[in-house]
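So in the UniProt record's numbering the end of the sequence shown lands on 508, straight run, no missing numbers. Working notes, beginning with the structure itself.
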Amino acid sequence: MACSKILSGDLPELTYDIIKYLLDDFSTLHSCILVNRLWCRLAIPLLWENPFSIPTKNYKFIEIYLLSLNDDFETKPSNTLFNYPSFLKYLNIWKFMICVEIWSRNAIRTLKPERYFIYDTYKYSKTEFMKLISISLFKIFIENEVTLHTLDIDISDHRYYCSYFNDIFELILQNGTNFIHNIKNLKFCTSTHSSFDNEDMLLKNRISQIIDTHQNLKIILLCHNYLPLYQSLLLSKNSNCSNTLNTIMFYHINFGSIFNIDILFEQLNVLESVHIFFCYSLNSFIQKIINLPKPFKLKSLFINEKLRIELLPLLLQKSGDYLENFECELNYDEQRLLELITKYCKNIKFLDIYGFENHFTSLIFNLIENIKQNLNYLSIGVDYQNGNIESNSILLQNLGQILPPKLEYLNLVLYFKVNDFKVFLRNSQGTFIKKLLINQKGSDDILHCIKEFIMKEKRVKYLAIRNSNDGELRRFENEAKEFELYNIKLQYYYAIFIYSYNYMKELY
């Protein structure tokens, strides 16, 4: 009865609550459009709230936006069924430019004859055309008074798009005051080279103006050499960042060249999370942080350099309860690091450890056992090339029984022996893994084990197996079809592999 009411549209609020759980399932959302008018009205806004981030090769949504333009590229009332620009909620500047570039590249051969006015070879070069489209789209967004939930000013590796970014930000500053104020969450991410030309500095100044105008910057991601430039903005008396910024991420920052980082943290009054990804001179950073009079809410620590062991207890005593994401490469003398993480960090959700030898296995088991009530992402890789195959065997024989009942992601980069792998599969039968990735070293045939213990028991949703000899299992169509019969989707390994940088950017 309730099901028929939902399908007929008699329970719109409940129907919406159900459909919104399909937010990332674009093919199913498209199917929802065809059910009835109510389902169409509920599904369309979800499909259009973040179109520039949809992983598809179809960029026709840009053409639908451009239906709001006349022959002179001025906005006009659109005769489309919905006001599609009004649904836009999330906009990443970098992804926006990539979509515009790909669409522009294909526009000449794909546009219908009645739309040829959009590209006039006598008026525009390809670069000018791309710039025209990007500016026109932002004019549409501004004039439709779009209320963004999140604007992500992501100018990573911006050299190629620098002039486009400058034009877009100039347009926003000149015409989009309401557009800026209507943004609920403003995120900022940048990385650049060590030298800055005039166009770079102009870009920096315009971003600073946007942040100052918005007065509500909540998230900032700083990469490589940009921190000294924006440190002055964060500490400026004219900036409201000290009362709004709640998340700050550092990626490949050299803290050795920064002298007043402790002053920065003292002035950030509402800071709720700090994330450190593969930064340098961490020892000098830790020395300054441990003396802060306020809590230091370190949520992520991804390290690739050796830390002074006498500083670690002081850091983890201050921040261990907050730590949720941890990654490191274990060298031969870092047992103390694992012991301290196990002692002070009970709330880790994401754990990535690799490169360890035999004497680390028991410490790793202790750590996983200690955090498994929160653990959701686990990646383990053992260095087997130096005759360290025994560590792989010990790991596989003992890992299964300490895994939590459910994992979002498990990535194993190991030397697999069939008998060891069978032990792991038997011991982990009580665990459901949404994404299981296996990067197999060695030549043992483990596929029959996968089919017996995983496929037939439907213990995973997505599966990727990469073998140094046979390549990707996904490329064999017959195997993919067999797994689909059990509702398991074979994937390419690196298509679902979690890269640290992407994980960092998707945290918020």
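Note that the Cβ used here is the ideal one computed from N, Cα and C, for glycine as well.
Determine the DSSP secondary structure at F169, reduced to helix, strand or coil.
Here the question's residue 169 lines up with position 169 in the sequence shown. Correct three-state label for F169: helix.
Apart from the five residues on each side of it in sequence, which residues of its chain come closer than 8 Å, Cβ to Cβ, to residue 521?
This structure gives no information on residue 521, because the portion of the chain shown stretches from 1 to 508.
Using a Cβ-Cβ cut-off of 8 Å (strictly less than) and excluding sequence neighbours within five positions of K218, which residues of its own chain qualify?
Translated into the one-based positions of the sequence shown, residue 218 becomes position 218. Answer for K218: N185, L186, K187, T244, L245, N246, T247, listed in chain order.
Nearest residue (CA-CA) to K346, options L330, S319, D352
Translated into the one-based positions of the sequence shown, residue 346 becomes position 346. Ranking L330, S319, D352 by Cα distance to K346 puts S319 first.
Taking only runs of the alpha helix (DSSP H) that begin and end inside the segment 53 to 86, which ones reach a length of at least 4 residues, in chain order?
61 to 66
Relative to the alpha-carbon of E145, which residue among L132, T177, M130 has its alpha-carbon at the smallest distance?
To locate residue 145, count along the sequence shown from 1; it is residue 145. The shortest C-alpha separation from E145 is found at T177.
Mapping DSSP to helix, strand and coil, what is D352?
Counting from 1 along the sequence shown, the entry for residue 352 is found at position 352. The answer is strand: DSSP assigns D352 an E or B state.
Which residue from F421, V413, Y492 puts its Cα closest to that of Q401?
Numbered from its first residue, the sequence shown carries residue 401 at position 401. Among F421, V413, Y492, the Cα nearest to that of Q401 is on F421.
Under the rule that 16 or more other beta-carbon atoms within 10 Å means buried, what is D17, buried or exposed?
The residue labelled residue 17 in the question sits at position 17 within the sequence shown. Exposed, because fewer than 16 other Cβ atoms sit within 10 Å of the Cβ of D17.
Kindly give me the distance between the Cβ atoms of I498 and Y377, rounded to whole angstroms, as I take these residues to be in contact under 8 Å.
Position 498 of the sequence shown holds residue 498. Position 377 of the sequence shown holds residue 377. Right, their Cβ atoms sit about 7 Å apart.
With distance defined between alpha-carbon atoms, name the residue in K299, I54, A480, I220 nearest to D321.
Position 321 of the sequence shown, counted from the start, is the residue given in the question as residue 321. Closest by alpha carbon: K299.
Assign L301 to one of two classes, buried (16 or more other C-beta atoms within 10 Å of its C-beta) or exposed (fewer than that).
For the purposes of this step, residue 301 is taken as residue 301 along the sequence shown, with counting starting at 1. Burial call: buried.
Reducing DSSP to helix, strand and coil, say where Y492 ends up.
Numbered from 1 along the sequence shown, position 492 holds the residue referred to as residue 492. Y492 falls in the coil class under three-state DSSP.
Inter-residue spacing [alpha-carbon to alpha-carbon] between L202 and N166
By 1-based counting over the sequence shown, the position of residue 202 is 202. By 1-based counting over the sequence shown, the position of residue 166 is 166. Near 7 Å, if we compare the C-alpha coordinates of N166 and L202.
DSSP on I6, reduced to helix/strand/coil?
Translated into positions along the sequence shown, residue 6 becomes position 6. In this predicted model, I6 has a pLDDT of only 48, less than 50, meaning its place in the structure is not dependable enough to derive any value.
Between the CA atoms of L91 and L137 - distance to the nearest angstrom
Taking the first residue of the sequence shown as 1, we reach residue 137 at position 137. Taking the first residue of the sequence shown as 1, we reach residue 91 at position 91. Approximately 12 Å between the Cα atoms of the pair.
Could you spell out where the beta strand (DSSP E) holding N467 opens and where it closes?
Along the sequence shown, one-based indexing puts residue 467 at 467. Looking at the DSSP string, the run of the beta strand (DSSP E) that includes N467 is 460 to 467.
Euclidean distance between Cα positions of N205 and I172
Counting from one through the sequence shown, the residue named residue 205 turns up at place 205. Counting from one through the sequence shown, the residue named residue 172 turns up at place 172. Rounded to whole angstroms, N205 to I172 spans 13 Å at the Cα level.
So K434 packs on E472, CB below 8 Å; how close in whole Å?
Counting from 1 along the sequence shown, the entry for residue 434 is found at position 434. Counting from 1 along the sequence shown, the entry for residue 472 is found at position 472. Actually they do not touch by this definition, with Cβ atoms about 19 Å apart.
Taking the straight line between their C-alpha atoms, what separation do you get for L410 and D152?
Translated into positions along the sequence shown, residue 410 becomes position 410. Translated into positions along the sequence shown, residue 152 becomes position 152. Approximately 29 Å between the Cα atoms of the pair.
If you run the structure through DSSP and keep just helix, strand and coil, what is E472?
Here the question's residue 472 lines up with position 472 in the sequence shown. Reduced to three states, the DSSP call for E472 is strand.
Does V274 come out as helix, strand or coil in the three-state DSSP assignment?
As a first step, residue 274 is located in the sequence shown; it is residue number 274 there, counting from the start. Residue state, collapsed to three classes: strand.
Cα-Cα separation, Y508 to L463:
As a first step, residue 508 is located in the sequence shown; it is residue number 508 there, counting from the start. As a first step, residue 463 is located in the sequence shown; it is residue number 463 there, counting from the start. Roughly 26 Å separates the two Cα atoms.
With respect to the alpha helix (DSSP H) encompassing V35, which residues constitute its N-terminal and C-terminal limits?
What you label residue 35 is simply residue 35 of the sequence shown in a count that begins at 1. Note, V35: premise wrong, no alpha helix (DSSP H); not H, not E.
What first and last residue would you give for the alpha helix (DSSP H) that runs through K126?
As a first step, residue 126 is located in the sequence shown; it is residue number 126 there, counting from the start. Element bounds for K126: 126 to 143.
Going residue by residue through the segment 371 to 424, where are the continuous alpha helix (DSSP H) segments of at least 4 residues, counting only ones entirely within it?
389 to 399
Smallest Cα separation from F432: which of Q440, F453, V35?
Start at 1 with the first residue of the sequence shown, and residue 432 comes out as number 432. Out of Q440, F453, V35, F453 has the C-alpha closest to the C-alpha of F432.
Going along the chain, which residues of its own chain have a beta-carbon closer than 7 Å to the beta-carbon of C40, five neighbours each way excluded?
Here the question's residue 40 lines up with position 40 in the sequence shown. If we look at C40 and ignore the five residues flanking it on each side, its Cβ neighbours are I33.
Do L436 and L414 come within 8 Å of each other at the CB atom, strictly closer than that value?
On the sequence shown, position 414 is the one that residue 414 refers to. On the sequence shown, position 436 is the one that residue 436 refers to. Contact: no.
According to the neighbour-count rule (16 or more other Cβ atoms, all chains shown, within 10 Å of its Cβ), is S31 buried or exposed?
As a working note, residue 31 is residue 31 in the sequence shown. Flag for S31 reads exposed.
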